[in-house]
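Here the structure comes first, spelled out in structure tokens, and everything after it is commentary.
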Amino acid sequence: MTDNDTIITIDGPSGSGKSTISRELARRLNYTYLDTGAMYRAVGLLAKRRNVAVDDEEQISSLLTDLDLKLLPGKDDTRVLLEHEDVSAAIRTSEMGMAASAVSALPLVRKKLTRLQQEIGRQGAVVAEGRDTGTVVFPQARYKFYLDASPEERARRRSRQLQEKGQPVDERKIFQQLIKRDHDDSSRSIAPLTAANDAIHINSSRMTVDEVLNFMMKQLAKNKKSVQNKKEIT
Ligand code: DC
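By our numbering, the letter at position 142 of the sequence shown is numbered 144, and the numbering carries on one by one without gaps.
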């Protein structure tokens with residue numbers, strides 16, 4: 003197997019089910035789950051804590067010179083350690099989602115985090131989820147998925163997730179934030195949210211988690227077979 007075979011990318015908008023699906027797919031395959039959104043959220047949190055405006059590229063990039071960030075993928079969530087502090091809960095708020103979206107539009111932030119993500123990809127097999135993992139971070143990956151669902155369904159899922167975490171939920175506000183985040187993530191000039199040309203599209207609006215996973219596993223098996231056949235023919 004080449005390195006390209008051991009990288010699976012799953013991109014898509016907020017609330018499309020990427021995290022649940024990516025974590026579970028990684029578990030089934032015994033791959034590392036790489037939650038790239040958590041990294042942007044941690045940078046958003048760092049900026050807020052240091053009172054740096056989320057669009058101040060110069061100041062934020064100086065915060066990143068010795069960024070101390072660790073991702074520890076676990077059964078239910080990725081634990082995120084920022085300067086040795088567990089910030090897993092602090093980054094998973096709507097506010098940090100918006101802050102992450104803002105800092106993610108800054109070229110220097112993207113450059114730094116893309117490099118860190120590629121480094122993790124070099125260390126072993128990964129299921130990487132985000133907005134640009136199939137287009138920019140791992141364009142060479144053989145297996146790419148683009149996961150989507152209707153905005154209404156995505157807002158419902160996001161609200162349910164926050165409720166389960168005991169956070170206050172205003173579903174209308176969540177819907178509006180989601181539409182804004184979709185717009186900002188898709189229209190930025192650098193590494194916008196978009197499907198790679200060779201990604202398999204899945205609309206999960208009416209699919210269960212298991213249905214999506216089974217579909218993906220079938221696609222991976224099919225793809226592997228066609229690569230093997232190609233190798234045998236040549
Ligand atoms: O997937 P998430 O909600 O945790 O992502 C938070 C924000 O981070 C998202 O609105 C855009 C940004 N992001 C990005 O620009 N590129 C990625 N690969 C992952 C996330």
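Idealized CB from N, CA, C, for every residue including glycine.
Residue from the options whose Cα sits closest to the Cα of residue i
i, options, result
"residue 76", "24, 193, 11, 185", "24"
"residue 200", "142, 154, 185", "142"
"residue 51", "14, 17, 101, 10", "101"
"residue 113", "126, 129, 127, 134", "134"
"residue 21", "136, 80, 69", "80"
"residue 164", "17, 68, 138", "17"
"residue 209", "183, 124, 151", "151"
"residue 195", "184, 43, 105, 11", "184"
"residue 103", "87, 42, 218, 34", "42"
"residue 70", "85, 57, 56", "85"
"residue 189", "177, 106, 213", "106"
"residue 182", "153, 67, 161", "153"
"residue 2", "68, 67, 96", "With the chain running from 3 to 236 in the structure shown, residue 2 is simply not present."
Secondary structure of residue i, DSSP reduced to three states
i, result
"residue 9", "strand"
"residue 37", "strand"
"residue 85", "coil"
"residue 177", "helix"
"residue 204", "strand"
"residue 212", "helix"
"residue 136", "helix"
"residue 151", "coil"
"residue 109", "helix"
"residue 80", "strand"
Through-space distance from residue j to residue i, alpha-carbon basis
i, j, result
"residue 49", "residue 62", "7 Å"
"residue 98", "residue 211", "25 Å"
"residue 223", "residue 36", "21 Å"
"residue 158", "residue 171", "10 Å"
"residue 90", "residue 169", "14 Å"
"residue 29", "residue 215", "11 Å"
"residue 178", "residue 207", "18 Å"
"residue 220", "residue 202", "12 Å"
"residue 74", "residue 191", "31 Å"
"residue 173", "residue 110", "33 Å"
"residue 225", "residue 187", "30 Å"
"residue 193", "residue 155", "25 Å"
"residue 19", "residue 205", "10 Å"
"residue 38", "residue 67", "18 Å"
CB contact flag (residue i, residue j, <8 Å)
i, j, result
"residue 252", "residue 92", "There is simply no residue 252 to check, as the chain begins at 3 and stops at 236 in what is shown."
"residue 59", "residue 27", "no"
"residue 118", "residue 14", "no"
"residue 94", "residue 175", "no"
"residue 198", "residue 116", "no"
"residue 126", "residue 34", "yes"
"residue 162", "residue 180", "no"
Chain-order list of residues whose beta-carbon lies under 7 Å from that of residue i (same chain, five-residue window excluded)
i, result
"residue 54", "61, 62, 65"
"residue 140", "9, 11, 123, 130"
"residue 6", "142, 143, 144"
"residue 218", "27, 147"
"residue 44", "71, 82, 84, 89, 93"
Contact set for residue i: own chain, Cβ-Cβ below 6 Å, skip 5 residues either direction
i, result
"residue 83", "72"
Spatial neighbours of residue i in its chain, beta-carbon cut-off 8 Å, leaving aside the 5 residues before and after
i, result
"residue 120", "139, 140"
"residue 56", "46, 49, 50, 62, 101, 104, 105"
"residue 87", "none"
Below-8 Å beta-carbon distance, residue i vs any chain C residue
i, result
"residue 61", "Judged by its chain identifiers, the structure shown contains no chain C, having just a single protein chain."
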